[in-house]
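Below you'll find the structure, written out as structure tokens, and then a few comments.
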Amino acid sequence: MYNKGTIIPGLMLFVLFVTFPIWFNVFTTAGELPKPESPPGGEKHCIASAEYMRANHMQLLNEWRDNVLRDGNREILEIDGVKYPKGLQLACLKCHSRKEKFCDSCHTYAAVQPYCWDCHLTPKEAGSKEATH
Amino acid sequence: MKYAFSFVAVLALVIIAWLGSMIPGLQYLFGIAIPYLAIMIFLGGFIYRVVQWAKSPVPFSIPTTCGQGKSLDFIKQDKLDCPTRASEVAARMFLEIFAFRSLFRNTKSELHEGPKITYESSRWLWLAALLFHYSFLIIVIRHMRLFLNPVPQWLQFLGFLDGGAMLQVGAPLLYASSLGLLGGVVFLFGRRLVNRNVRYISLANDYFPLFLIFAIAVTGMLMRYFLRTNIDIVTIKELLVGLVTLHPVINAEIGSIFYIHVFLVSALLVYFPFSKLMHMGGVFMSPTRNMPNNSRAKRHINPWNDPTIKPHSYAGYEDEFREFMVDAGIPVEKELPPRKDEE
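Chains B and L are the protein sequences, given in the same order. The first sequence: position 80 = 84 (my numbering), numbered continuously. The second sequence: position 44 = 53 (my numbering), numbered continuously.
Below is the structure:
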């Protein structure tokens, strides 16, 4: 083998890069799973099943956003006799009232940065605003 | 027909993963066993190929020179295109690897009436190659968010730059790099079809990786934006983190599109070391790029040389054969010594 001095360190660097997740996770709490909090109020019904919501909530919210803000369609949904106005704060956060313990748990885990909160207030923020006014 | 074969091969891979992942129990094969096998073949094959190249001697000093070589003091040397020093070679390699400098020189030739041939600069290949490779790199790095927990800040920032900062389209956010990869791969494929010269020299193993990467990009985007049934990112990340912490588990049903995507990526990893895709390692190993053009200042020793064969100069050669040369009437530089006893 020629040029061992550069080729072997180069290959070692390459293997180190490719296996980066293996040795990175040795030093972290990799195995821990997020535990999104169930509604503190004890509500059991949502607009759809948990499996559906886990996979599709972002698309549903996006659709609602377009309905309400772009098309002015504020039609109120009625599911199993419960009325849900279309809206993150109007519907979702009514039960899942702690964004920090519900939304953030999985979003942090999966490194998702939704831009909901560019406009929306979390219940915590909303509470503190009311207190100051 | 060469592209039809590659297309059918990729389609077969998709169908194998699609049908296979629906058989109970085989999720462990497609989600755990095959990815492990694939990454091991990838690493082993990559190292094997590089070591094979490293074992091949370079008999001659063969850097490609694309500019004025080092000469007299008043002649300006083109240091990037005809490097003589290690630092200049490093600069040339850096630009080749990060900016694809040699593709920038791509030309296209056309035959006009006359007949007259014309050449003109054709930089679309360079542009599409940059788009394709950098998009692919960003996508690979971005996928690390599914393997690392907690996700490092810089990785979150990369995801933000690629998604929220570029385009705020849809939910989940559309990534600019997804469009870049698709656009790049479609251009590179279209070029092979449209350009007659390139089409003539294209083989099945040129089309196959393009189809494969196209299918990987499309299945990834389908999974992210459209076929979201049973695509719960937490379950998927649990599996992927499990893979890299060596405790893989599949705790819930994951949609077939995920297994198709993973199987295609595994196929790419296995195919990688034994195909043209090895240009990833090869670009570092090409003697036409990584050698300095200094063969006049420094003698390049051919490693093949038999050490028992000593250099034989012309003067030595003439010394050995002078008599025969004179006999045959061949001119010699040094005449035969005058004979002492003539008989």
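From the three backbone atoms N, C-alpha and C, an ideal C-beta is built for every residue, glycine too.
Tell me the DSSP bridge mates of B:Glu36?
In the DSSP output, where bridge partners are listed per residue, B:Glu36 has none listed.
Give a yes or no on contact between the segment 271 to 288 of chain L and the segment 86 to 100 of chain B, applying the rule of three or more CB pairs nearer than 8 Å.
Judged by Cβ distances under 8 Å, the segment 271 to 288 of chain L makes no contact with the segment 86 to 100 of chain B, as fewer than three pairs qualify.
Would you verify that the beta carbon of B:Tyr88 is, or is not, closer than 9 Å to some beta carbon of chain L?
Closer than 9 Å: no.
Would you be able to state if there are at least three C-beta pairs under 8 Å between the segment 28 to 42 of chain B and the segment 151 to 161 of chain L?
Yes, the segment 151 to 161 of chain L touches the segment 28 to 42 of chain B.
Can you confirm whether the segment 138 to 147 of chain L touches the segment 166 to 186 of chain L when touching is taken to mean that 3 or more C-beta pairs between the two stretches lie within less than 8 Å?
These segments touch.
Let me know the secondary structure DSSP gives L:Thr127 once reduced to three states.
L:Thr127 falls in the strand class under three-state DSSP.
Ends of the alpha helix (DSSP H) at L:Val149?
L:Val149 -> alpha helix (DSSP H) spans 133 to 151.
Does the pairing of the segment 112 to 119 of chain L with the segment 127 to 139 of chain L give three or more beta-carbon distances under 8 Å?
Yes: the two stretches touch, three or more of their Cβ pairs being nearer than 8 Å.
Quick check for students: name the residue ranges of the alpha helix (DSSP H) that lie wholly in the segment 94 to 129 of chain L, counting only runs of 4 or more.
Correct list: 95 to 108, 110 to 113.
Going straight from the alpha carbon of B:Tyr88 to that of L:Phe272, what length do you get?
Cα to Cα, B:Tyr88 sits roughly 41 Å from L:Phe272.
Strictly by DSSP, which residues pair up with B:Val86?
Answer is B:Ile83, bridged to B:Val86.
Determine whether the Cβ of L:Lys307 lies closer than 9 Å to any Cβ atom of chain B.
No, no contact with chain B.
Taking a cut of 9 Å between CB atoms, which residues from the segment 166 to 184 of chain L lie near chain B?
Here the close residues are Gly168, Phe169, Gly172, Gly173, Gln177, Gly179, Ala180, Pro181, Leu182.
Could you tell me the alpha carbon to alpha carbon distance between L:Gly229 and L:His270, rounded to whole angstroms?
The alpha-carbon atoms of L:Gly229 and L:His270 are separated by roughly 6 Å.
Which same chain residues, not among the five before or five after L:Leu212, have their C-beta less than 7 Å away from its C-beta?
Once the five neighbours on either side are set aside, the close Cβ partners of L:Leu212 are Lys11.
Sorted by chain position, which residues of the same chain lie with C-beta nearer than 8 Å to B:Arg102's C-beta, five sequence neighbours on each side aside?
For B:Arg102, where only same-chain residues beyond five positions count, the Cβ hits under 8 Å are Glu41, Pro44, Pro127, Lys128.
Using a Cβ cut-off of 9 Å (strictly closer), state whether B:Pro118 contacts chain L.
Yes, B:Pro118 lies at the interface with chain L (some Cβ there is under 9 Å from its Cβ).
Does the distance from the C-beta atom of L:Ile222 to that of L:Leu277 stay below 9 Å?
In contact: L:Ile222 and L:Leu277 (Cβ atoms closer than 9 Å).
Out of L:Ala26, L:Phe55, L:Tyr57, L:Pro33, state which residue places its alpha-carbon closest to the alpha-carbon of L:Ile43.
Nearest option by C-alpha distance: L:Ala26.
Listing by chain order, which chain A residues have their CB less than 9 Å from the CB of L:Thr254?
No chain A appears in the structure shown, which is made up of the protein chains B and L.
Using 9 Å as the limit for Cβ to Cβ distance, is L:Ile266 near chain B?
Not one chain B Cβ lies under 9 Å of L:Ile266.
Using a 10 Å radius around the Cβ and a threshold of 16 neighbouring Cβ atoms, would you call L:Ser30 buried or exposed?
So L:Ser30 ends up on the buried side.
One question on the structure: do B:His49 and B:Ile83 come within less than 9 Å of each other, judged by their Cβ atoms?
Taking 9 Å as the Cβ cut-off, B:His49 and B:Ile83 qualify as a contacting pair.
Under a CB-based cut-off of 9 Å, is L:Phe51 close to chain B?
So, interface residue.
With respect to 8 Å, is the separation between the Cβ of B:His100 and the closest non-hydrogen atom of the ligand PLP below this value?
The ligand PLP is not among the ligands present in this structure, which contains no ligands whatsoever.
In whole angstroms, give me the CA-to-CA distance for L:Glu247 and L:Phe107.
C-alpha separation (whole angstroms): 34 Å.
Below 8 Å, can you find three or more Cβ-Cβ pairs linking the segment 297 to 307 of chain L to the segment 70 to 77 of chain L?
Because the criterion of three Cβ pairs below 8 Å is met, the segment 297 to 307 of chain L and the segment 70 to 77 of chain L touch.
If you drop the 5 nearest sequence neighbours on each side, which residues of the same chain put their C-beta closer than 8 Å to that of L:Leu345?
Contacts found: Arg331, Glu332, Val335.
If you check the beta carbons only, do L:Tyr216 and L:Phe14 fall under 9 Å apart?
Result yes, Cβ atoms of L:Tyr216 and L:Phe14 sit closer than 9 Å.
What does the Cβ neighbour count give for L:Ser265, buried or exposed, with the cut at 16 atoms within 10 Å?
Under this definition L:Ser265 is a buried residue.
Tell me whether L:Tyr279 sits in a helix, a strand or coil according to DSSP, three-state version.
Sequence inspection shows Val at residue 279 of chain L; the Tyr mentioned does not correspond to that position. L:Val279: helix per DSSP, three-state reduction.
With a threshold of 9 Å between beta-carbons, can L:Val60 be considered close to chain B, or not?
With 9 Å as the cut-off, L:Val60 counts as an interface residue toward chain B.
For L:Asp171, count the other beta carbons within 10 Å of its own beta carbon; 16 or more makes it buried, fewer makes it exposed. Which is it?
Classification of L:Asp171: buried, given that the 10 Å Cβ count is 16 or more.
Between L:Met287 and L:Phe55, is the Cβ-Cβ spacing less than 9 Å?
In this structure, L:Phe55 lies closer than 9 Å to L:Met287 by Cβ.
Between L:Gln165 and L:Val258, what straight-line distance do the alpha-carbon atoms span, to the nearest angstrom?
Their Cα atoms are separated by approximately 25 Å.
Excluding the 5 residues preceding and the 5 following L:Leu35 in the sequence, name in chain order all residues of the same chain whose CB lies nearer than 8 Å to its CB.
Gly29.
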